[in-house]
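Counted the way the working numbering counts, the sequence shown spans residues 113 to 378.
Quick notes on the structure that follows.
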Amino acid sequence: MFLEEHLKKLGLTEKEAKIYLAALELGADTIQNVARKAELKRPTVYVLVDELIRKGLLSRKPMPRGDVFIPENPENLKNVLKERELALGDALPFLRAIYNVEKGKPQVQIYEGINNMHRVYLDMIWKSKTEILFFSSIKKIYEAMPDLLESWLANFNARKDKPLTTREFINPDPIDIEYGLKVVKTGLAQVRVIPKEFKHLFVGTDNAIFEDKLVVVSFEQKLFTTIIQSQAIADTMRALYELAWKKGTPVEEFVKRHPEMRPKNS
């Protein structure tokens, strides 16, 4: 039936299309009659009507002898189409990130907003198949995204394929130090601190090197997440990281040398 084909192009399954068309013809009616009209088994219809209700194409009305299902205006199909467009809009940046036509050419993707940033952490960084090297201002992360680090710890604790090899480089700041001691205690990562006399600090970013990627999350003013995918660039950054790592001090040793930096509750 040509109407079924059109509804399928809008995102309905074949059975959802049959049910909706049957409901349009019947008006308010029972699940039994809708199933008979759609030529589908009643248990199947029971399962699918909830999805059609969610999509705004059916509504349920309780009656003394059982619920009846009422078709909504076909204009609501526009909302189904809009939902698909939104889903595509959310997925497109990540599809572009893995799209690589010219081998060897660095792929650069920039995402805006906290939702995209969370997806990069959840779907990319925290699922890394290689060691993750972080260098960040923990204090600034807490200020801009207070739940991020707790999510990181929760994600690590929920992993079934532990251990995940992780190293973190942090600033000689009391907030950073408190976080570093906590992370080391959980076994999540090795943590080292920039020399206290060093003139330059990590400011306004969270950075990660893993696999063939460098991720920079900037949360000064607007929040942007930049992904650079290039094996050569990632390996170069690893080399620089290793040089810096040799100059850093393990966080446990750092608080022994600088007891004034030790958290009050430890």
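No residue lacks a Cβ here, since even glycine has one placed at the ideal position from N, Cα and C.
For clarity, every value in this text was computed on a predicted model and none was experimentally measured.
Own chain residues within Cβ distance below 7 Å of residue i, not counting five before or after
i, result
"residue 128", "160, 163, 164"
"residue 145", "138"
"residue 310", "none"
"residue 178", "142"
"residue 120", "126, 129"
"residue 157", "131, 143, 146, 147, 150"
"residue 180", "140, 141, 142, 173"
"residue 167", "192"
"residue 184", "168, 169, 170, 171"
"residue 324", "341, 342, 343, 346"
Contacts around residue i, its chain only, beta-carbon distance under 6 Å, and the 5 residues preceding and following it disregarded
i, result
"residue 320", "237, 244, 246, 327"
"residue 342", "218"
"residue 256", "331"
"residue 220", "340"
Nearest candidate by alpha-carbon position, reference residue i, set the options
i, options, result
"residue 169", "178, 331, 123", "123"
"residue 301", "277, 183, 248, 352", "277"
"residue 57", "151, 314, 196, 117", "The question about residue 57 has no answer, for the chain in this structure spans 113 to 378."
"residue 312", "345, 283, 265, 140", "283"
"residue 248", "229, 281, 233, 226", "281"
"residue 205", "118, 224, 192, 188", "224"
"residue 303", "316, 367, 259, 334", "367"
"residue 189", "369, 358, 118, 241", "118"
"residue 285", "198, 375, 228", "375"
"residue 265", "306, 294, 325", "294"
Three-state secondary structure (DSSP) of residue i
i, result
"residue 362", "strand"
"residue 304", "strand"
"residue 379", "The requested residue 379 is not part of the displayed model; the chain covers only 113 to 378."
"residue 315", "coil"
"residue 164", "helix"
"residue 342", "coil"
"residue 374", "coil"
"residue 177", "coil"
"residue 258", "coil"
"residue 248", "strand"
"residue 320", "strand"
"residue 310", "coil"
"residue 155", "helix"
"residue 205", "helix"
"residue 186", "helix"
Chain-order list of residues whose beta-carbon lies under 8 Å from that of residue i (same chain, five-residue window excluded)
i, result
"residue 115", "129, 133"
"residue 261", "250, 253, 254, 291"
"residue 154", "143, 144, 147"
"residue 371", "none"
"residue 358", "none"
"residue 195", "123, 167"
"residue 350", "245, 321"
Bounding residues of the alpha helix (DSSP H) (the contiguous stretch that carries residue i)
i, result
"residue 125", "No alpha helix (DSSP H) holds residue 125; DSSP gives it neither H nor E."
"residue 144", "143-150"
"residue 286", "286-298"
"residue 226", "226-235"
The beta strand (DSSP E) enclosing residue i, as first and last residue numbers
i, result
"residue 170", "170-173"
"residue 325", "325-330"
"residue 281", "278-282"
Beta carbon proximity, residue i to chain C, threshold 8 Å
i, result
"residue 261", "No chain C appears in the structure shown, which is made up of a single protein chain."
**Message:** Between the stretch 287-299 and the stretch 352-367, can you find at least three pairs of beta-carbon atoms closer than 8 Å?
**Reply:** Counting Cβ pairs under 8 Å, three or more are found: they touch.
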